[in-house]
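Reading through the structure tokens given below for one structure.
Numbering (the working numbering), first residue to last: 2 to 205.
So this is what it looks like as structure tokens:
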């Protein structure tokens, strides 16, 4: 692919987060690390904090309040990759089918390569998948089950919920005095870096 040919990204956000992954992607694009342009930032709510970041960088904003409206919206945008960055609206099967291996999701757990498999933490213990858990609950689960490491995975969305080809994983050692906030603050930094690294490779 010619260096001049930039891929198109659609970033999906919501009011569930502060938009740090969106900001990391914006910074990666502007620094030339990610050979892509952001076609639009899509939110299910008009008051999502991430949209303020999009406005500062003069990015196109689309509001998608109903899950049924997402597929026609994405078909108009024609993105090469769809990046979920705090998106909480259910994504219908028809969207996943229309964009196979094109929808990236960041999951707050260590997704195995096989449904019946496990991921090993750096110390050899079994990592937690945290299937079906949103961020706060997932981070609390790492603490409740006394896991030695927390971690996150970026994977392609498939029809199998919270499972799909894993592109990269990160681990964060859990400290004795960790709270949800302290643990997630450290993990979030690694998640931001991980998202940029994944897109850097995919957009080459």
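Beta carbons are placed, not taken as given, at the ideal position from N, Cα and C, and that holds for glycine.
Computed from a predicted structure; not experimentally measured.
In this structure, 59 is the residue among 160, 92, 59, 115 with its C-alpha nearest to the C-alpha of residue 41.
Between the C-alpha atoms of residue 167 and residue 110 there is a straight-line separation of about 11 Å. Following the DSSP letters along the chain, one finds residue 162 in no beta strand (DSSP E), marked with neither H nor E. Per DSSP, the unbroken alpha helix (DSSP H) holding residue 142 starts and ends at 136-145. In the DSSP assignment, residue 12 falls outside any alpha helix (DSSP H) and within the unbroken beta strand (DSSP E) covering 8-14. Taking the Cα positions, residue 93 is about 18 Å away from residue 46.
Between the alpha carbons of residue 157 and residue 164 lies a distance of about 8 Å. DSSP lists 156 as the beta-bridge partner residues of residue 106. Secondary-structure assignment with DSSP links residue 100 through no beta bridge to anything. Here residue 127 is bridged, per DSSP, to 121. Measuring C-alpha to C-alpha distances from residue 84 to each of 11, 160, 186 identifies 11 as the nearest.
If you compare the alpha carbons of 16, 98, 32, 81 with that of residue 48, the shortest gap goes to 16.
By a beta-carbon distance limit of 8 Å, residue 197 contacts residue 34. Their separation comes to about 6 Å.
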